[in-house]
Amino acid sequence: MNFPILSSLILLPTIGALFLLFSKDKNSSTVKYVALFTSFVNFLISIYLWYLFDPSTSNFQFVEDREWLKGFINYKVGIDGISILFIILTTLITPLCIVSVNNTIKDRLRDFLIAILVMESLMIGVFCSLDLVVFYLFFEAGLIPMFLIIGIWGGARRVYSAFKFFLYTLLGSVLMLVAIISIYWIAGTTDIVQLYDLGIDSQYQNLLWLAFFSSFAVKTPMWPVHTWLPDAHVEAPTAGSVLLAAILLKMAGYGFIRFSLALFPVASELFTPLVYSLSLIAIIYASLIALMQEDMKKLIAYSSVAHMGFVTLGIFTITQQGIEGSIIQMISHGLVSAALFLCVGVIYDRMHSRLIKTYGGLVSVMPKYSILFMLFTLAALGLPGTSGFIGEFLILMGVFKDNFLVAVIASFGVIFGAAYMLWLYRRVVFGNLINKDLLKIPDLNNSEKFILWSLAIPVVFFGFYPEPLINTIEVSVKDLIEMYNSNLNMHSLEVQN
Amino acid sequence: MNNLNYISPEIFISLSIMFLLILGVFKKNSSSLIHNLSIGLLLVTGILILNNPSESDVNLFGNSYIIDKLSSLMKIITIIGGVFVLLISTKYLKISKIFLIEYPILILCSILGMLVMISSNDLMVFYIGLELQSLALYVLASFNRDQLKSSESGLKYFVLSALSSGLLLYGCSLIYGFSGSTNFNIIGNAMDSTHYGLTFGIVFILVGLAFKIAAVPFHMWAPDVYEGSPTSVTLFFAIVPKVAALTAFIRFLYVPFFNMIDQWQPIIIFISIASMIFGAVAAIGQNNLKRLVAYSSIGHIGYALAGLSVGTNEGIQASIVYISIYLVMNLGLFSFLLMMKRNDQYFETIDDLSGLSKNHPVLSLSLLVILFSLAGIPPLAGFFAKFYIFKSAIEQSMYFLAIVGLLSTVIAAFYYLRIIKVIYFDEEREKYDTDHSVWLRVSLTFSTLLILLYFIFPSKLVEIVSRVNII
């Protein structure tokens, strides 16, 4: 058997965390370097994994299959074109989070880094797992470190937000657990590869789809169960918000593609109008709310809701463009929202205020910051030449193919998006410098520059040259759609007979 | 004579009790000696149980006593629970000034009762075992007799438990009257749903048993007794008698009453759902940790009963797995409670935990693991316990039970999170003592590691339990 590269990706951060747990230092920079080193090595491994990855097939690669719960569940991991990008996103964002704690986390640094590293393990696990139970395990286990991150290092209303985050997500997920166990009894396995071959009897699909949906809708988050997100984002420390926005939300989008579409095609077809309506409401409603926010983090949180609305919209068009667009949009949003939260974090560290009205005229005191912030603002609103554009454009193309009216309404979302982002930028960076305290604050320091540039480069690079991303996912998406359509045809034949 | 070989553990433990009593009377200041001796004797009993001369099931004394896989397994679990209770309670007893010779002897007595209960295959034998363990428990509950609360809890437990024993006995007499025998197997063959008398008998017996394991709606005694009893006794209450009572439940439901599954299944499902929901909701308002544990144990018993209500071997096995993991989690929780002292005074409210993580990081981390496990969050052991239960329930298409059960875990998660919030998010207070006994540390570490690392080898426990096939 080959070297278990995926398992080592999953395990490495946890080993680093264990190392930290037994270290004597609690706040010194050694702790930080150990964490940074671990996560950076993990990033290199994942890049190497991308290099080894064969994009010409949609079969799962680097598969590991070990006996786990004897007789019925195996520990099975593997990746295809859809999951590999999310893994790289995770391994890229985590070291940046660790660099960013420099300025934000003063108290119990070691514990914070342990939580982040454990979180990384679990997130990679979510994207690798090829068994429903293993997936559920990773998916749910992530609640523990995130609960602590928000609760211990969060802002003033952190307790409320942490509880809301935990209970909302748990409530959504328990139904998924029932569905997973039911699938085991219906199909005889929870192994995804086998389930893809076997298919699930169409009479069960609707309820199962809804059970999975209840979990993913909360996590995405879709309207009307999105209310935990702004609270969690606002109260979490910067690194926590970044992880939440960049990766945790993507688990749901990934889940929609991997499970809802692939396992329950009949139900997905039936419920597409539901997803469309909820996504459209999310796009329009969240954008309008974002316009009126006075808190920067809250504004970006609502913009996440709107962007994820685009993602779900794209996924359920079941077109090549739509799904590819959704994946690229998720990656892009992962980079851009992470960067935006970090941008807010940068000025929050200096001024200890997230309110937009505190700022204004930053361009004259922090020119470097203003340039980078502008880049990410433009990427968030989908300006051509940034990765945000590719995603949104492909999604809208997919939607146009499927339903004209939905596409028109969704396009309004793009306009609103431009409105709230540009307005935010104008109020924070331009205008007169009224608050005299701002004069004293320094521009970006080296670590901040490093973080923001590391995010800016891929955003621009993939904006101009999305080829590597599309190459990676193309075949997997195509086969997914083929499988979806053939399952659907088989079902309609059954119905006719 | 041959029969006696098989019950050597019971004989040994009875002789040990008598020996320890005599020793305690004749030797002055022998509490410590007797305490240690009783641990050793319990361990020997455990070895005797493991050394069962027969591989197959044995029926003894005219088929009134049975040694099978279920009984051996549950006896071992009981003994392990008993040993740990004795190991970690020493210091607490000394500080509370109740370090008396009677304490280990009473625990041995009640364990003897449990062993008999677990192996019984006859209504009379079962009742004798049950009463032996209950009588010892009444005394243990009021063991700290100078304290009003302890005496009150003993009395309350006695009165209510005697009432439930009465109901149980009445059920036994009905069953005997309508089936003509006290033997489980003969009753099982005589079971016929046209006999309304038998149905009544089943209901009375189930009520009596539900009382013993504190399942809703027969749970009222639990919070007061848990709160009032000395903490080490509460620990004993929380884990050990539950194992024996659950075994009795399994035996009754699946040997004599199995033909009447249509009659008892709705009752068990109702008790189970009621316990899960009530346990979750009622614990939210509690501030005393021992009281909270009482409500949480009510909830957990609901899950164990859910496994029993399924009516398959998988369901029974899931329940046994559940109760074993529950035992480990509660052991950890109580080891923690026994560490919560400052200047020889024990603290037991949630507010006392405030900011604990800053002063005692390791302790808090253990508690964090235990609490998340109790809440059933993966990948901790508590999740797997629930997973098996719901897997067996869904196999029989009992979706309602599974969904209600899982939703009540969300409610229950709230009060576990509240404790974690107090520990990790709130302001710190004075430090607690750190001069804990070795065994206290061992049992906390042991249970924490077991819970945390369970997911690496999740099949081991299930393999052991899967030898139990009742149906």
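Heads up: the sequence lines are chains A and B, in that order. For the first sequence, the working numbering begins at 1 and goes up steadily by one. For the second sequence, the working numbering begins at 1 and goes up steadily by one. From the three backbone atoms N, C-alpha and C, an ideal C-beta is built for every residue, glycine too. In this text, all values refer to a predicted model and were calculated from it rather than measured experimentally.
Any idea what DSSP makes of residue i, helix, strand or coil?
i: glutamate 355 (chain A); result: Reading off the sequence, residue 355 (chain A) comes out as leucine, not glutamate. DSSP places leucine 355 (chain A) in strand when its eight states are reduced to three.
i: aspartate 191 (chain A); result: strand
i: glutamine 286 (chain B); result: coil
i: tyrosine 170 (chain B); result: helix
i: leucine 381 (chain A); result: coil
i: serine 71 (chain B); result: helix
i: glycine 78 (chain A); result: strand
i: leucine 452 (chain A); result: helix
i: asparagine 183 (chain B); result: strand
i: aspartate 131 (chain A); result: strand
i: valine 328 (chain B); result: helix
i: aspartate 146 (chain B); result: coil
i: methionine 483 (chain A); result: helix
i: methionine 191 (chain B); result: coil
i: proline 442 (chain A); result: coil
i: glycine 40 (chain B); result: helix
i: aspartate 54 (chain A); result: coil
i: glutamate 324 (chain A); result: helix
Mind checking residue i: buried by the 16 CB within 10 Å criterion, or exposed?
i: tyrosine 33 (chain A); result: exposed
i: serine 364 (chain A); result: exposed
i: leucine 9 (chain A); result: buried
i: glutamine 496 (chain A); result: exposed
i: lysine 106 (chain A); result: exposed
i: methionine 18 (chain B); result: exposed
i: alanine 162 (chain B); result: exposed
i: glycine 285 (chain B); result: exposed
i: phenylalanine 341 (chain A); result: buried
i: isoleucine 457 (chain A); result: exposed
In angstroms with no decimal places, state the Cα-to-Cα distance between residue i and residue j.
i: proline 367 (chain A); j: methionine 374 (chain A); result: 10 Å
i: histidine 436 (chain B); j: proline 442 (chain A); result: 51 Å
i: valine 414 (chain A); j: alanine 375 (chain B); result: 42 Å
i: arginine 145 (chain B); j: lysine 97 (chain B); result: 11 Å
i: asparagine 291 (chain A); j: isoleucine 283 (chain A); result: It is worth fixing the name first, because residue 291 (chain A) is leucine in this sequence and not asparagine. Each residue's alpha carbon lies about 12 Å from the other.
i: proline 217 (chain B); j: phenylalanine 257 (chain B); result: 22 Å
i: valine 266 (chain A); j: leucine 167 (chain A); result: 31 Å
i: tyrosine 425 (chain A); j: serine 58 (chain A); result: 42 Å
i: aspartate 426 (chain B); j: leucine 109 (chain A); result: 17 Å
i: proline 379 (chain B); j: leucine 143 (chain A); result: 11 Å
i: isoleucine 356 (chain A); j: threonine 238 (chain A); result: 17 Å
i: threonine 104 (chain A); j: isoleucine 114 (chain A); result: 16 Å
i: proline 221 (chain A); j: serine 161 (chain A); result: 15 Å
i: threonine 214 (chain B); j: phenylalanine 412 (chain A); result: The sequence shown places alanine at residue 214 (chain B), rather than the threonine named in the question. Spanning the two alpha carbons is a distance of roughly 59 Å.
i: isoleucine 202 (chain B); j: asparagine 36 (chain B); result: 42 Å
i: alanine 252 (chain A); j: phenylalanine 60 (chain A); result: 20 Å
i: isoleucine 186 (chain A); j: isoleucine 200 (chain A); result: 8 Å
i: alanine 156 (chain A); j: alanine 236 (chain A); result: 10 Å
i: glycine 385 (chain A); j: glycine 463 (chain A); result: 5 Å
i: isoleucine 183 (chain A); j: phenylalanine 138 (chain A); result: 18 Å
i: phenylalanine 147 (chain A); j: leucine 249 (chain A); result: 15 Å
i: valine 85 (chain B); j: valine 233 (chain B); result: 8 Å
i: serine 29 (chain A); j: valine 99 (chain A); result: 11 Å
i: valine 118 (chain A); j: aspartate 111 (chain A); result: 11 Å
In the DSSP output, which residue or residues are listed as bridge partners for residue i?
i: isoleucine 73 (chain A); result: A:Leu69
i: tyrosine 346 (chain B); result: B:Lys341
i: glutamate 64 (chain A); result: A:Val77
i: isoleucine 66 (chain B); result: B:Asn59
i: aspartate 295 (chain A); result: A:Leu355
Cβ of residue i versus every heavy atom of the ligand ATP: is any distance shorter than 7 Å?
i: lysine 478 (chain A); result: Ligands in the displayed structure: none, and consequently the ligand ATP is not present.
Using Cβ-Cβ distances below 7 Å, what residues of the stretch 49-73 of chain A are close to chain D? This model lacks chain D altogether, as its protein chains are A and B.
Complete alpha helix (DSSP H) runs within the stretch 260-308 of chain B (minimum length 4 residues, chain order): Within the stretch 260-308 of chain B, the runs of alpha helix (DSSP H) at least 4 residues long that lie entirely inside it are, in chain order, 261-283.
Along the chain, which unbroken stretches of the alpha helix (DSSP H) at least 4 residues long are found entirely within the stretch 136-224 of chain A? Counting only runs of 4 or more residues that sit fully inside the stretch 136-224 of chain A, the alpha helix (DSSP H) segments are 143-153, 158-187, 192-198, 202-219, in chain order.
4-residue-minimum alpha helix (DSSP H) runs that sit fully inside the stretch 340-403 of chain B, ordered along the chain: For the stretch 340-403 of chain B, whole alpha helix (DSSP H) runs of length 4 or above, ordered along the chain, are 356-359, 361-375, 381-395.
Which runs of the alpha helix (DSSP H) spanning at least 4 residues fall entirely within the stretch 75-127 of chain B, listed in chain order? The alpha helix (DSSP H) runs lying completely inside the stretch 75-127 of chain B and spanning 4 residues or more are 102-119, given in chain order.
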